[in-house]
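Asks: Position 43 (the sequence shown) corresponds to 43 in our numbering; numbering is contiguous.
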Amino acid sequence: MLPFAIGALVLEQASVLPTGAFIVPVLLAGLYLVIRAPLRRYHARGYQMGDDRLRVVRGLVFRSDTVVPFGRVQHIDVEQGPVERGYGLATLVLYTAGTHNASVSLPGLAHSDALEMREAIRARVKRETL
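#1: Could you say which of Leu-109, Ala-102, Val-67 lies nearest to Val-83 if we only look at CA atoms?
#2: Pull the bridge partners of Arg-58 from the DSSP assignment, please.
#3: Cβ of Tyr-47 within 7 Å of Cβ of Val-34?
#4: Closest to Ala-114 by CA distance: which of Gly-50, Arg-53, Val-78, Tyr-32 is it?
#5: Who does Val-78 pair with in a DSSP beta bridge?
#6: In the DSSP assignment, find the beta strand (DSSP E) that holds Gly-108 and state where it starts and stops.
#7: Give me, in chain order, the residues of the same chain whose beta-carbon lies closer than 8 Å to that of Phe-70; leave out the 5 immediate sequence neighbours on both sides.
#8: Quick one, which of Leu-106, Val-24, Gln-74, Arg-118 has its alpha-carbon nearest Thr-66's?
#9: For Ala-37, count the other beta carbons within 10 Å of its own beta carbon; 16 or more makes it buried, fewer makes it exposed. Which is it?
#10: Relative to the C-alpha of Ala-44, which candidate in Arg-58, Leu-31, Thr-99 has its C-alpha closest?
#11: To the nearest angstrom, how far is the alpha carbon of Val-73 from that of Met-117?
#12: Who are the near neighbours of Leu-94 in its chain, counting only those whose CB is closer than 6 Å to its CB and skipping five residues on each side?
#13: Determine whether the beta carbon atoms of His-111 and Gly-88 lie at a separation below 7 Å.
In structure tokens:
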């Protein structure tokens, strides 16, 4: 919507140069943010799966480090929206006992990796409850 509004503004102006001199840097900055923001968000997430827990770290400015013991996991979902499905990605969601941080999600995993992680965590949860 914004590109159409900017295009209409440029076409309405009798003199394109002053408006263009302002709009081009703004468009370039916007393009930089559109390309760079997802990459920064991708690199701001990480996880480590141990024998008895899953550690999820996320955030650039405000870092969050969440440790989920497998003994507290109640159920696990693998979710896919239409965009994720198109790229072969999935989100692994762990639901835990408790009210604070009762669910932890890992978006952007390869669908096969998410399914493998779900089965590995299920096996460890089953082992913990026996």
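No residue lacks a Cβ here, since even glycine has one placed at the ideal position from N, Cα and C.
Replies: In short:
#1: Along the sequence shown, read from residue 1 onward, the residue named residue 83 stands at position 83. When each option's Cα is compared against that of Val-83, the closest is Leu-109.
#2: Mapped onto the sequence shown, residue 58 falls at position 58. BP columns for Arg-58 point to Arg-45, Ser-64.
#3: As a working note, residue 47 is residue 47 in the sequence shown. As a working note, residue 34 is residue 34 in the sequence shown. For Tyr-47 and Val-34, no; Cβs fall outside 7 Å.
#4: Taking the first residue of the sequence shown as 1, we reach residue 114 at position 114. Selection Gly-50, Arg-53, Val-78, Tyr-32 evaluated against Ala-114 yields Val-78 as nearest (Cα-Cα).
#5: Within the sequence shown, residue 78 is the residue found at index 78, counting from 1. Val-78 is bridged to Leu-92.
#6: Here residue 108 corresponds to residue number 108 of the sequence shown, with the count starting at 1. It spans 103-110 - the beta strand (DSSP E) in which Gly-108 sits, taken as one unbroken run.
#7: Taking the first residue of the sequence shown as 1, we reach residue 70 at position 70. Hits under 8 Å: Asp-52, Arg-53, Leu-54, Ile-121, Arg-124, Val-125, Glu-128.
#8: Numbered from 1 along the sequence shown, position 66 holds the residue referred to as residue 66. When each option's Cα is compared against that of Thr-66, the closest is Leu-106.
#9: One-based indexing of the sequence shown puts residue 37 at position 37. With fewer than 16 other Cβ atoms within 10 Å, it is exposed.
#10: Taking the first residue of the sequence shown as 1, we reach residue 44 at position 44. Checked all of Arg-58, Leu-31, Thr-99; the closest Cα to Ala-44 is Arg-58.
#11: For this step, residue 73 is matched to residue 73 along the sequence shown. For this step, residue 117 is matched to residue 117 along the sequence shown. Distance between the alpha carbons of Val-73 and Met-117 is about 13 Å.
#12: In the sequence shown, the residue the question calls residue 94 occupies position 94. Counting only Cβ-Cβ distances below 6 Å, and skipping sequence neighbours, we find Val-68, Val-73, Ile-76, Val-104.
#13: Position 111 of the sequence shown, counting from 1, holds the residue named residue 111. Position 88 of the sequence shown, counting from 1, holds the residue named residue 88. Yes; because the gap between Cβ atoms is below 7 Å, this pair is in contact.
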